[in-house]
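Enquirer:
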Amino acid sequence: MLLTEHAGKELLAEAAIAVPPGVALEPDDAGAAMPPFPGPYFLKAQVLGGGRGKAGGVLPVAEASGLAEAARTLFSSTFGGVRPPFLRLEAAVPHERAFYLSLGVSRQRKGFCLTIGRQGGVDVEALAGTDALLVIDVPPSLVCPPYAARAAFFHLGLPAEAYAPFETLLSRLFGVVADNGLLLAEINPLAYCAGERFVALDAKVTIDDNVATLRPALARYRDDRFATPAEGRAAEQRLSFVSLPGRVGLVANGAGLAMATMDALEAAGLPAANFLDFGGTADAARLRVAFDLLFADPAVEACCVNMYGGILSCADVAEAMACALDGDDGRPVVVRFAGNAAKAGMERLRAMPGNRVRVAEDMDQAVVMLAEAVDPGKLRPVDALAGVCPTPRAGCETARHRGQACPQRLPLPSLLDLGPDSGVLVQGLTGRAGRAHARRMRAYGTPVVAGVTPFRGGSEVDGLPVYDTVAEAMGRHDIALSVIFVPAAGAADAIEEAAAAGVARIVCITDGIPQRDMLSVRAALAGRQTTLVGPNTPGLILPGQWFSAGIMPTEPFTPGPVAIFSRSGTLTYEVASRLTAAGIGQALAAGMGGDPFGGAGFVELCEMVRDDARVRAVMVIGEVGGTAEEELAEYVASTKYPKPVAAFVAGVSAPPGRTLGHAGALLERPGGVAAKLACLARAGIPVCEELGEVAGVMAEALCRG
1 MLLTEHAGKE
11 LLAEAAIAVP
21 PGVALEPDDA
31 GAAMPPFPGP
41 YFLKAQVLGG
51 GRGKAGGVLP
61 VAEASGLAEA
71 ARTLFSSTFG
81 GVRPPFLRLE
91 AAVPHERAFY
101 LSLGVSRQRK
111 GFCLTIGRQG
121 GVDVEALAGT
131 DALLVIDVPP
141 SLVCPPYAAR
151 AAFFHLGLPA
161 EAYAPFETLL
171 SRLFGVVADN
181 GLLLAEINPL
191 AYCAGERFVA
201 LDAKVTIDDN
211 VATLRPALAR
221 YRDDRFATPA
231 EGRAAEQRLS
241 FVSLPGRVGL
251 VANGAGLAMA
261 TMDALEAAGL
271 PAANFLDFGG
281 TADAARLRVA
291 FDLLFADPAV
301 EACCVNMYGG
311 ILSCADVAEA
321 MACALDGDDG
331 RPVVVRFAGN
341 AAKAGMERLR
351 AMPGNRVRVA
361 EDMDQAVVML
371 AEAVDPGKLR
381 PVDALAGVCP
391 TPRAGCETAR
401 HRGQACPQRL
411 PLPSLLDLGP
421 DSGVLVQGLT
431 GRAGRAHARR
441 MRAYGTPVVA
451 GVTPFRGGSE
461 VDGLPVYDTV
471 AEAMGRHDIA
481 LSVIFVPAAG
491 AADAIEEAAA
501 AGVARIVCIT
511 DGIPQRDMLS
521 VRAALAGRQT
531 TLVGPNTPGL
541 ILPGQWFSAG
551 IMPTEPFTPG
561 PVAIFSRSGT
571 LTYEVASRLT
581 AAGIGQALAA
591 GMGGDPFGGA
601 GFVELCEMVR
611 DDARVRAVMV
621 IGEVGGTAEE
631 ELAEYVASTK
641 YPKPVAAFVA
651 GVSAPPGRTL
661 GHAGALLERP
671 GGVAAKLACL
681 ARAGIPVCEE
691 LGEVAGVMAE
701 ALCRG
C-alpha cells in the first residue's frame with residue numbers, strides 16, 4: 001500500500017520524526033487557503049507516481065496571496081496521467097545540507113537495507129555505484145545496530161554534536177518501519193538544519209499489504225481516490241483486480257493463469273482491459289460482481305473466462321456463471337474450462353439459452369472466438385519483447401557456481417526421497433482447510449500420521465492424534481515432512497517451530513504472510529538442513545510415489561521423468577495436464593510460491609535434482625517480478641547444468657509498477673521482462689512463448705537429454 005506524501009508524513013510525525021508544518025488542501029478549499037504557519041511555502045501535488053518534482057508538481061510560493069493561483073495550476077495539471085485529488089501545503093524549511101535516507105526491503109539483497117546518500121532531492125538511482133551512497137544490510141529484527149548508526153553518520157560527514165539527534169532519528173525510523181509493517185520509508189531529502197535538527201522534507205512510504213490486512217487500523221492511511229471505481233468495488237469483494245487499457249475483460253482463477261491469459265490476449269492483438277484473479281471459490285454473488293465490474297467499462301467489447309479446475313470444480317463455476325449471467329443480453333463471454341469437472345461445466349454452459357456465452361475447447365479456440373467478437377488490433381507477438389541481457393550484477397558469479405554444483409551449501413533434504421513410508425504432520429489439522437486437505441492427501445496415499453494445534457493436544461481428527469507442539473509430535477512419530485495450514489499471523493512462527501523441532505521438510509500453504517516475517521524465517525533457517533517449500537504454495541506431488549503434500553489436485557499428474565518447479569499454482573496444473581496429455585509424465589512438481597521471500601527457489605530445487613536419475617529434464621514456470629529466473633539462468637550457465645531446462649514466464653505484458661495477484665508478481669521497471677527472457681535464452685534455456693508450446697519444447701528437451 002503506497003501512501004501519499006501527506007499520509008506518509010503523518011505516519012512519520014506520529015513516530016516523532018520531524019516534518020515541516022503542513023495541511024491538506026482540497027479543490028474547494030484552495031481559493032481561500034489561510035495557512036496556520038508563516039511562509040514561504042511549498043505547494044505539492046499529491047499523487048502516487050514518481051517524478052512529480054521534475055514534472056512541475058512542486059511549486060514554491062513566497063506569500064499566502066499566491067497560493068490560490070498556484071493551487072489552480074496544480075489542480076488543472078496531470079502527473080503520470082493522474083490529476084491530483086488534493087495538495088499538501090507546507091512551510092519551507094531553511095536548512096544547511098540535504099541528504100538521502102531510507103530503510104526498506106530490498107528484493108535484490110533479500111533483506112532490509114539502510115541506505116544513506118550524501119546528496120538529497122535527487123533520484124537515488126543517480127547515486128548508485130558511487131561513493132556518495134552507502135547501503136547497510138540490517139537484521140529483520142529492525143533494531144538499529146549501533147555500528148550501522150555510526151557508519152551512516154560518519155558517511156555524511158556531520159559534526160560530532162549532530163550524532164545524538166541522528167541516532168535518535170534512526171531509532172525512530174527503525175521503530176516506525178517495524179511497528180507499522182513498512183516495506184519502505186524513504187526520506188528524500190532529509191534536511192539538516194541549524195541546531196542539529198533533522199527534518200523529513202519529503203516522504204515515500206509503503207505499507208506491506210499483508211500487514212494492512214492483518215491490522216485494519218492501518219487502512220486510515222489508504223487514499224481510495226487513486227483507485228478506479230472498479231478497483232474499489234473489487235477490493236470490497238476481496239477480488240484481485242487491476243484496471244488495464246484494453247478491450248477484453250478477463251476472469252481467471254489464479255494469478256499465474258490470469259497473467260498467462262493476459263499475455264495470450266495481448267499477443268493476439270486483443271489486449272486485456274483488466275487483471276482479475278477470481279481465486280478458488282465459485283459463488284454466484286462474487287461472479288456477478290466480477291462481470292458487473294468488467295462490463296461497466298464501456299471499452300470492454302467481450303469477456304474471456306479462463307478456469308483451470310484444481311480443487312475448484314468447473315461445474316460449480318458454470319452453475320455460478322449461469323446464475324450471474326441472467327438473460328441473453330449483453331456483450332459476449334468466451335469461456336475455456338480445463339481440469340476438475342471441465343466437461344460437466346462446458347455442458348452446463350452450452351445448455352444456456354441464447355448465444356452470449358460461447359464455450360471454447362481450448363485457449364487457442366477461445367482467442368479465435370474473441371477475435372470474431374472484437375476487431376483485432378495490430379498483433380504484438382511476445383517475442384518482440386526479446387532484448388539484450390544486461391551485464392550480470394557484480395558479485396553474482398561466485399565461486400560456488402563455476403562449473404560445478406554449489407559446494408559450500410549444506411545439501412537440502414531431497415523431495416524426491418519422499419514416499420509411502422514418509423510420515424507427514426499437518427500443522428493446523430483442526431482447522432477447516434487443514435482437515436479437508438489432510439483427507440485429500442490420505443486419499444491419494446500420503447501417510448499423514450498426526451496434527452498439531454496448540455491447546456488442542458489430546459484430541460483426534462479423523463482418527464489422527466493432535467498434539468500441542470511439533471516437538472511432542474516428533475517424539476511420538478517418524479515425521480519426514482510437515483504441511484502448514486496456519487493463519488497468516490502465526491504461519492511464520494509455525495515454520496520456525498517445525499524447523500527447531502528437527503522437521504527436515506516443510507511445506508507452508510498459507511498466503512498473506514508479512515514480508516518481514518518471512519525474512520525472519522529465512523534468517524532462522526540459514527545454515528539449517530531444512531527444505532522449505534512456500535509459503536503461498538500449492539505444495540508438492542510425486543506421482544510415481546503416490547505422495548502429495550498440500551492442496552494440489554492429483555488428476556493432471558502422471559509418473560514420468562520431468563520435474564516441474566513453479567511460482568504459480570494454477571499454471572503448475574495447466575502445464576502438468578498438457579505434458580500428461582502428450583505422454584510426458586512427471587517425477588516431481590513443486591510450487592515455490594508467489595511471495596517475494598520464500599524457501600527453496602529455482603536454483604535450490606534444480607540443485608536438488610541435479611544428480612538424481614529419476615529426473616531427466618526440468619520445466620520451470622516463472623513470472624514477472626523478482627530475479628528468480630535470472631538467478632536460475634546464471635546458475636544453469638555457470639555450473640554447466642547437466643540436464644535440459646525449459647521455461648515458461650507469465651506476465652510478459654504486465655504494466656510496470658502494478659502488482660498482479662500475489663506480491664511477488666510486480667514488474668518493477670520497464671524492460672525488466674525483456675532482460676529476464678534474454679537472460680534465460682542466453683543460458684540456453686528455451687522459453688515457451690505460449691502454453692501450447694510446453695509439451696513440444698519438453699519433448700525436444702527429453703530427446704536432447
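Number 533 in UniProt numbering belongs to position 533 of the sequence shown; there are no gaps in the numbering.
We put the CB at the ideal spot given by N, CA and C, even for glycine.
1) So which of R439, A264, A71, G544 has the shortest CA-CA distance to A30?
2) Would you mind giving the Cβ-Cβ distance between G39 and V61, rounded to the nearest angstrom? I have them listed as a contact below 8 Å.
3) Let me know the secondary structure DSSP gives Q529 once reduced to three states.
4) Measuring alpha carbon to alpha carbon, tell me which residue in P556, L169, Q586, V367 is nearest Y573.
5) Please go through the same chain and pick out, in chain order, the residues whose beta-carbon is closer than 6 Å to the beta-carbon of D511, but skip the five residues on each side of it.
6) Measure from the alpha carbon of V359 to the alpha carbon of each residue in C304, G339, L412, C323, then state which is nearest.
7) Cβ of D137 within 6 Å of any heavy atom in the ligand MG?
8) Hey, quick one: how far does the alpha helix (DSSP H) through T168 stretch, first residue to last?
9) With contact counted as at least three CB pairs below 8 Å, one residue from each stretch, are the stretch 121-134 and the stretch 88-95 in contact?
10) For Y147, is the classification buried or exposed, using 16 other Cβ atoms within 10 angstroms of its Cβ as the cut-off for buried?
11) So which of G463, G569, T580, A637 has the shortest CA-CA distance to L257?
12) Rounded to whole angstroms, what's the CA-CA distance from Q586 to F597? Just pull it up for me.
13) Between A235 and V205, how many whole angstroms is the CB-CB distance? I'm expecting something under 8 Å.
14) Does Y641 come out as helix, strand or coil in the three-state DSSP assignment?
15) Hey, how far is the Cα of A663 from the Cα of R331?
16) Would you tell me roughly how many angstroms separate the C-alpha atoms of S548 and A600, rounded to the nearest one?
17) Would you check if the distance between the CB atom of A91 and the CB atom of P21 is smaller than 7 Å?
18) Using the Cβ count rule (16 or more neighbours within 10 Å means buried), how would you classify E689?
19) Reducing DSSP to helix, strand and coil, say where M552 ends up.
20) Apply the 10 Å Cβ neighbour rule to Q237 and answer buried if 16 or more other Cβ atoms are within range, or exposed otherwise.
21) Would you mind working out which of L287, V357, P644, V673 sits nearest L702, comparing C-alpha positions?
22) I'd like the span of the alpha helix (DSSP H) that includes R505, first residue to last.
23) Got a sec, what are the start and stop residues for the beta strand (DSSP E) N340 sits in?
24) Near S243, which residues of its chain fall below 7 Å by C-beta distance, leaving aside the five closest residues on each side in sequence?
25) Can you round the beta-carbon distance between L270 and V248 to whole angstroms, since I take them to be within the 8 Å contact cut?
26) Determine whether the beta carbon atoms of A628 and F602 lie at a separation below 7 Å.
27) Suppose you measure from the CA of S141 to the CA of S520; what does that come to, to the nearest Å?
28) Are the beta-carbon atoms belonging to G121 and P189 less than 7 Å from one another?
29) Check this for me: beta carbons of A563 and L588, under 7 Å apart or not?
30) Out of L464, A582, V461, A433, state which residue places its alpha-carbon closest to the alpha-carbon of C508.
31) Which word fits S76, buried or exposed, when buried means at least 16 other C-beta atoms lie within 10 angstroms of its C-beta?
32) According to DSSP, simplified to helix, strand and coil, what is K44?
33) Can you tell which of L579, G626, V357 has the C-alpha that lies nearest to the C-alpha of E700?
34) Enumerate in chain order the residues of its own chain whose CB-to-CB distance from S414 is below 6 Å, with the five nearest sequence positions on each side excluded.
35) Would you decide whether N306 is buried or exposed? Buried here means 16 or more other CB atoms lie within 10 Å of its CB.
36) For the beta strand (DSSP E) containing L114, name the first residue and the last one.
Expert: If we stick to the structure as given:
1) Start at 1 with the first residue of the sequence shown, and residue 30 comes out as number 30. Nearest C-alpha to A30: A71.
2) What you label residue 39 is simply residue 39 of the sequence shown in a count that begins at 1. What you label residue 61 is simply residue 61 of the sequence shown in a count that begins at 1. Correct: roughly 7 Å between the Cβ atoms.
3) On the sequence shown, position 529 is the one that residue 529 refers to. Coil.
4) In the sequence shown, the residue the question calls residue 573 occupies position 573. For the residues P556, L169, Q586, V367, the minimum Cα distance to Y573 belongs to P556.
5) Taking the sequence shown and counting its residues from 1, one reaches residue 511 at position 511. Answer for D511: N536, listed in chain order.
6) Position 359 of the sequence shown, counted from the start, is the residue given in the question as residue 359. Closest option to V359, Cα to Cα, is C304.
7) Questions concerning the ligand MG fall outside what the structure shown contains, since it holds no ligand whatsoever.
8) On the sequence shown, residue 168 is found 168 positions in, with the first residue counted as 1. Note, T168: alpha helix (DSSP H), 163-180.
9) no
10) For the purposes of this step, residue 147 is taken as residue 147 along the sequence shown, with counting starting at 1. Classification of Y147: exposed, given that the 10 Å Cβ count is below 16.
11) Residue numbering aside, residue 257 sits at position 257 when the sequence shown is read from its first letter. Closest option to L257, Cα to Cα, is G569.
12) Working through the sequence shown from its first residue, we reach residue 586 at position 586. Working through the sequence shown from its first residue, we reach residue 597 at position 597. Approximately 26 Å, taken between the alpha carbons.
13) As a position in the sequence shown, residue 235 is number 235, starting the count at 1. As a position in the sequence shown, residue 205 is number 205, starting the count at 1. Wrong, their Cβ atoms sit about 20 Å apart, outside the cutoff.
14) On the sequence shown, position 641 is the one that residue 641 refers to. Coil, per DSSP.
15) By one-based count along the sequence shown, residue 663 stands at place 663. By one-based count along the sequence shown, residue 331 stands at place 331. Residue placement at A663 cannot be trusted, given a pLDDT of 45 that sits under 50; the coordinates are not used to answer.
16) Here residue 548 is taken as the residue at index 548 of the sequence shown, counted from 1. Here residue 600 is taken as the residue at index 600 of the sequence shown, counted from 1. Using only the alpha carbons, I get a separation of about 18 Å.
17) One-based indexing of the sequence shown puts residue 91 at position 91. One-based indexing of the sequence shown puts residue 21 at position 21. Yes, the Cβ-Cβ distance between A91 and P21 is below 7 Å.
18) Translated into positions along the sequence shown, residue 689 becomes position 689. Classification for E689: buried.
19) Position 552 of the sequence shown, counting from 1, holds the residue named residue 552. M552 falls in the coil class under three-state DSSP.
20) Locating residue 237 in the sequence shown gives position 237, counting from the first residue. Label assigned to Q237: exposed.
21) Counting from 1 along the sequence shown, the entry for residue 702 is found at position 702. When only C-alpha atoms are compared, the closest one is P644.
22) Your numbering for residue 505 matches position 505 in the sequence shown. Segment 505-508 is the beta strand (DSSP E) holding R505; no alpha helix (DSSP H) there.
23) For the purposes of this step, residue 340 is identified with residue 340 of the sequence shown, where counting begins at 1. First-last for N340: undefined, no H or E at that position.
24) Counting from one through the sequence shown, the residue named residue 243 turns up at place 243. Correct list, in chain order: T228, A230, E231, N274.
25) The count along the sequence shown starts at 1 and reaches residue 270 at position 270. The count along the sequence shown starts at 1 and reaches residue 248 at position 248. 5 Å between Cβ atoms; contact.
26) Taking the first residue of the sequence shown as position 1, residue 628 is located at position 628. Taking the first residue of the sequence shown as position 1, residue 602 is located at position 602. Yes, the pair counts as a contact, with Cβ atoms nearer than the cut-off.
27) Counted from its first residue, the sequence shown places residue 141 at position 141. Counted from its first residue, the sequence shown places residue 520 at position 520. Distance between the alpha carbons of S141 and S520: 7 Å.
28) Locating residue 121 in the sequence shown gives position 121, where the first residue counts as 1. Locating residue 189 in the sequence shown gives position 189, where the first residue counts as 1. Cβ distance < 7 Å, so G121 and P189 count as in contact.
29) Reading the sequence shown from its first residue, position 563 is the one you call residue 563. Reading the sequence shown from its first residue, position 588 is the one you call residue 588. Yes, Cβ-Cβ distance for A563 and L588 is below 7 Å.
30) As a first step, residue 508 is located in the sequence shown; it is residue number 508 there, counting from the start. The shortest Cα separation from C508 among L464, A582, V461, A433 belongs to A433.
31) Against the sequence shown, residue 76 aligns to sequence position 76. Looking at its Cβ environment, which holds fewer than 16 other Cβ atoms inside 10 Å, S76 is exposed.
32) Residue 44 sits at position 44 when you count from the first residue of the sequence shown. In the structure shown, K44 sits in a strand (DSSP, three-state: E or B).
33) For the purposes of this step, residue 700 is taken as the residue at position 700 of the sequence shown. With distances taken between Cα atoms, E700 lies closest to L579.
34) As a position in the sequence shown, residue 414 is number 414, starting the count at 1. Within the same chain, S414 has close Cβ partners M608.
35) By 1-based counting over the sequence shown, the position of residue 306 is 306. With 16 or more Cβ atoms within 10 Å of its Cβ, N306 is classed as buried.
36) On the sequence shown, position 114 is the one that residue 114 refers to. Looking at the DSSP string, the run of the beta strand (DSSP E) that includes L114 is 111-117.
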